[in-house]
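Chemist: So that we are looking at the same thing, I have put the structure below in structure tokens.
In the numbering used here, the protein residues as written are 67 to 475.
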């Protein structure tokens with residue numbers, strides 16, 4: 067099943083105001099902390115979910131993730147009510163047992179361990195129930211659209227199979243700004259229109275007119291890149307396109323992305339699948355100002371490898387330079403897309419931090435690849451379906467958020 071959906075983090079100042087509420091409010095654990103349409107999230111729920119994520123060692127800040135996830139769950143439950151989707155007791159129990167199995171525990175042992183760590187049973191059940199219901203909503207809405215053809219499976223196996231030829235693609239891209247609820251709503255409406263474009267020229271014109279990415283100057287056009295380097299959710303969409311067709315809108319941090327397939331071909335070289343990527347990010351104050359871009363160009367002329375960045379960052383706060391090695395599926399969408407364009411030692415300056423205050427000097431350090439063995443058609447079919455569902459679900463959740471009434475209390 068698709069992973070839990072990743073959503074844009076709330077602004078730090080907003081979260082700080084929530085977590086440092088007056089003592090009188092903090093004592094009222096059931097006071098509402100945010101209203102989402104006609105539903106509320108309470109202080110107690112936020113505290114419980116934060117503790118739950120701490121125990122699970124979920125990536126990112128547990129409090130921020132808890133806040134955003136609880137808001138999303140309200141939107142997901144509203145959608146479920148409209149569609150008549152519910153979760154059975156059997157599904158809930160299976161979800162609890164799945165979590166417990168990861169820790170080599172029975173469901174009862176898992177719940178008891180959570181209780182001892184300060185997380186109530188109902189918190190765990192609420193989390194599992196929301197996931198089960200949302201998966202039902204996504205399959206109800208997009209199940210038929212997520213089906214894959216035999217030709218798509220053949221193409222995926224050609225890309226992944228040992229000793230088989232790799233596949234490369236020519237793409238064009240559009241990134242629509244979505245850094246506020248109003249901008250996100252506008253971006254989703256515009257993205258729905260752009261997704262209907264079927265000509266190379268039409269997409270290029272839209273890129274020049276609407277895209278916030280540096281590639282807008284060339285109509286969004288990208289060079290050839292191996293299909294295997296693309297993020298899995300995007301890869302599964304590209305496999306289903308014919309030249310000229312456009313992906314469904316793909317939410318990434320502060321933007322909505324669309325990609326058009328211009329061409330696809332086998333390379334004749336053995337296919338390699340990245341399983342992890344090592345990359346570095348050096349943050350240059352100033353965002354996309356001329357000064358910051360000039361500094362990025364200077365640094366790029368002086369470095370050949372990620373190790374060279376340590377010299378650039380010497381004497382600066384440690385948070386100015388971050389270096390990570392992550393599984394492909396755990397890399398944020400906008401970063402993953404930029405890394406797909408790079409060879410080892412190459413640099414992208416297309417991104418900024420979420421507040422736009424710093425330019426991201428992104429450098430690919432290397433990829434860890436693995437050749438697939440004994441590729442099974444049904445396994446690949448299910449992987450493609452799940453990846454496609456995850457992409458549709460991200461877009462649908464963004465639409466729900468754009469149309470929602472969300473107010474901090």
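A virtual CB, placed ideally from N, CA and C, is assigned to each residue, including glycine. Small disclaimer: the values here were computed from a predicted structure and weren't measured.
1) Using a Cβ distance threshold of 8 Å, determine whether the stretch 356-376 contacts the stretch 287-307, with at least three qualifying pairs required.
2) With a threshold of 8 Å (Cβ to nearest heavy atom), would residue 248 be considered close to the ligand ATP?
3) Looking at residue 345 and residue 293, is the spacing between their C-beta atoms short of 9 Å?
4) Tell me which residues share the same chain as residue 106 and place their Cβ nearer than 6 Å to its Cβ, disregarding the 5 neighbours each side in the sequence.
5) From the DSSP output, which residues share a beta bridge with residue 348?
6) At the level of alpha carbons, what is the spacing between residue 275 and residue 187?
7) I need the DSSP call for residue 304, collapsed to helix, strand or coil.
8) Pick helix, strand or coil for residue 84, following the three-state DSSP scheme.
9) Could you pull the start and end residues of the alpha helix (DSSP H) that residue 357 belongs to?
10) Quick one: what's got a C-beta closer than 7 Å to residue 407's C-beta in the same chain, skipping five residues either side?
11) From the DSSP secondary-structure annotation, give me the bridge partner or partners of residue 235.
12) By the DSSP assignment, the beta strand (DSSP E) with residue 316 in it spans what residues?
13) Classify residue 343 as helix, strand or coil using the three-state DSSP reduction.
14) Could you pull the start and end residues of the alpha helix (DSSP H) that residue 485 belongs to?
15) Name the two residues that bound the continuous beta strand (DSSP E) containing residue 474.
16) Mind checking which residues open and close the beta strand (DSSP E) that includes residue 214?
17) Buried or exposed for residue 114, going by 16 or more other Cβ atoms inside 10 Å?
18) Going by C-alpha to C-alpha distance, which of 254, 462, 452 and 321 sits closest to residue 416?
19) Of all the options 96, 95, 191 and 101, which has the alpha carbon lying nearest to the alpha carbon of residue 475?
20) Nearest to residue 201 by alpha carbon, out of 166, 350, 235 and 158?
21) Taking 9 Å as the threshold (beta carbon to beta carbon), is residue 361 in contact with chain C?
22) Rounded to whole angstroms, what's the CA-CA distance from residue 286 to residue 185? Just pull it up for me.
23) Ends of the alpha helix (DSSP H) at residue 105?
24) From the DSSP output, in three-state form, read off residue 418 for me.
25) Can you tell me the Cα-Cα spacing of residue 366 and residue 342, whole angstroms?
26) Leaving out the 5 sequence neighbours to the left and right, which residues in its chain are closer than 8 Å to residue 265 when beta-carbon positions are compared?
27) For residue 434, does the three-state DSSP call read helix, strand or coil?
28) Ends of the alpha helix (DSSP H) at residue 451?
29) Locate the alpha helix (DSSP H) running through residue 128, then write down its first and last residues.
30) For the 8 Å Cβ check, are there 3 or more pairs between the stretch 208-217 and the stretch 147-167?
31) If residue 315 sits next to residue 254, beta carbons under 8 Å apart, how far is it from one beta carbon to the other, in whole angstroms?
32) Measure the C-alpha to C-alpha separation of residue 467 and residue 141 and round it to an integer number of angstroms.
33) Would residue 403 and residue 318 qualify as a contact pair, given that the criterion is a beta-carbon distance under 9 Å?
34) When we look at the beta-carbon of residue 138 and count the other beta-carbons within 10 Å, is it buried (16 or more) or exposed?
35) If we call anything under 9 Å between Cβ atoms a contact, is residue 272 one with residue 243?
36) Under DSSP, the beta strand (DSSP E) around residue 102 begins and ends at which residues?
Modeler: On the basis of the data shown:
1) No contact exists between the stretch 356-376 and the stretch 287-307.
2) The ligand ATP is absent from the structure shown, which contains no ligand whatsoever.
3) What you label residue 293 is simply residue 227 of the chain shown in a count that begins at 1. What you label residue 345 is simply residue 279 of the chain shown in a count that begins at 1. In this structure, residue 345 does not lie closer than 9 Å to residue 293 by Cβ.
4) What you label residue 106 is simply residue 40 of the chain shown in a count that begins at 1. For residue 106, where only same-chain residues beyond five positions count, the Cβ hits under 6 Å are 98.
5) Translated into positions along the chain shown, residue 348 becomes position 282. 387 and 427.
6) If you number the chain shown from 1, residue 275 lands on position 209. If you number the chain shown from 1, residue 187 lands on position 121. The alpha-carbon atoms of residue 275 and residue 187 are separated by roughly 51 Å.
7) Mapped onto the chain shown, residue 304 falls at position 238. Looking at residue 304 - three-state DSSP - the assignment turns out to be helix.
8) Working through the chain shown from its first residue, we reach residue 84 at position 18. Here residue 84 scores only 39 on pLDDT, less than 50, and its place in the model is too uncertain to base an answer on.
9) Position 291 of the chain shown, counting from 1, holds the residue named residue 357. Taken as a continuous stretch (DSSP letters only), the alpha helix (DSSP H) holding residue 357 covers 356-368.
10) For the purposes of this step, residue 407 is taken as residue 341 along the chain shown, with counting starting at 1. Excluding sequence neighbours, residue 407 sits near 288, 291 and 414.
11) Taking the first residue of the chain shown as 1, we reach residue 235 at position 169. As computed with DSSP, residue 235 is found in a beta bridge with 291 and 330.
12) Start at 1 with the first residue of the chain shown, and residue 316 comes out as number 250. For residue 316, the uninterrupted beta strand (DSSP E) segment begins and ends at 316-318.
13) Counting from one through the chain shown, the residue named residue 343 turns up at place 277. In the displayed model, residue 343 falls within a strand according to three-state DSSP.
14) Residue coverage of the chain in this structure runs from 67 to 475, which leaves residue 485 outside it and unanswerable.
15) For the purposes of this step, residue 474 is identified with residue 408 of the chain shown, where counting begins at 1. That run of the beta strand (DSSP E) goes 472-474.
16) On the chain shown, residue 214 is found 148 positions in, with the first residue counted as 1. Where residue 214 is concerned, there is no enclosing beta strand (DSSP E), given that its DSSP letter is neither H nor E.
17) Position 48 of the chain shown, counted from the first residue, corresponds to residue 114. Residue 114 should be labelled buried.
18) The sequence position of residue 416 within the chain shown is 350, counting from 1. Comparing Cα-Cα distances from residue 416 to each of 254, 462, 452 and 321, the minimum goes to 321.
19) Position 409 of the chain shown, counted from the start, is the residue given in the question as residue 475. Of 96, 95, 191 and 101, the smallest CA-CA separation from residue 475 is found for 101.
20) For the purposes of this step, residue 201 is identified with residue 135 of the chain shown, where counting begins at 1. The closest CA to that of residue 201, considering only 166, 350, 235 and 158, is found on 158.
21) No chain C is present in this structure, which holds just one protein chain.
22) By one-based count along the chain shown, residue 286 stands at place 220. By one-based count along the chain shown, residue 185 stands at place 119. Residue 286 and residue 185 have their C-alpha atoms roughly 48 Å apart.
23) As a working note, residue 105 is residue 39 in the chain shown. Per DSSP, residue 105 lies in no alpha helix (DSSP H); the unbroken beta strand (DSSP E) holding it starts and ends at 105-108.
24) Stepping through the chain shown from its first residue, residue 418 is reached at position 352. Residue 418 falls in the strand class under three-state DSSP.
25) To locate residue 366, count along the chain shown from 1; it is residue 300. To locate residue 342, count along the chain shown from 1; it is residue 276. One Cα belongs to residue 366, the other to residue 342, and the distance between them is close to 24 Å.
26) The sequence position of residue 265 within the chain shown is 199, counting from 1. Once the five neighbours on either side are set aside, the close Cβ partners of residue 265 are 310.
27) Working through the chain shown from its first residue, we reach residue 434 at position 368. It is a strand residue.
28) Residue mapping note: residue 451 aligns to position 385 of the chain shown, counting from 1. From DSSP, the alpha helix (DSSP H) with residue 451 extends over 443-469.
29) Along the chain shown, read from residue 1 onward, the residue named residue 128 stands at position 62. That run of the alpha helix (DSSP H) goes 128-149.
30) The stretch 208-217 makes no contact with the stretch 147-167, as fewer than three CB pairs between them are under 8 Å.
31) Position 249 of the chain shown, counted from the first residue, corresponds to residue 315. Position 188 of the chain shown, counted from the first residue, corresponds to residue 254. With 8 Å as the limit, residue 315 and residue 254 qualify as a contact, their Cβ atoms being about 6 Å apart.
32) Residue mapping note: residue 467 aligns to position 401 of the chain shown, counting from 1. Residue mapping note: residue 141 aligns to position 75 of the chain shown, counting from 1. Taking the straight line joining both Cα atoms gives about 7 Å.
33) Along the chain shown, read from residue 1 onward, the residue named residue 403 stands at position 337. Along the chain shown, read from residue 1 onward, the residue named residue 318 stands at position 252. With respect to the 9 Å criterion, residue 403 and residue 318 are classified as neighbours on the basis of their beta carbons.
34) Residue mapping note: residue 138 aligns to position 72 of the chain shown, counting from 1. Buried is the call here.
35) For the purposes of this step, residue 272 is identified with residue 206 of the chain shown, where counting begins at 1. For the purposes of this step, residue 243 is identified with residue 177 of the chain shown, where counting begins at 1. Their beta carbons are not under 9 Å apart, which means residue 272 does not touch residue 243 by this criterion.
36) Sequence index remark: in the chain shown, residue 102 carries index 36 (1-based). Unbroken beta strand (DSSP E) run through residue 102: 98-102.
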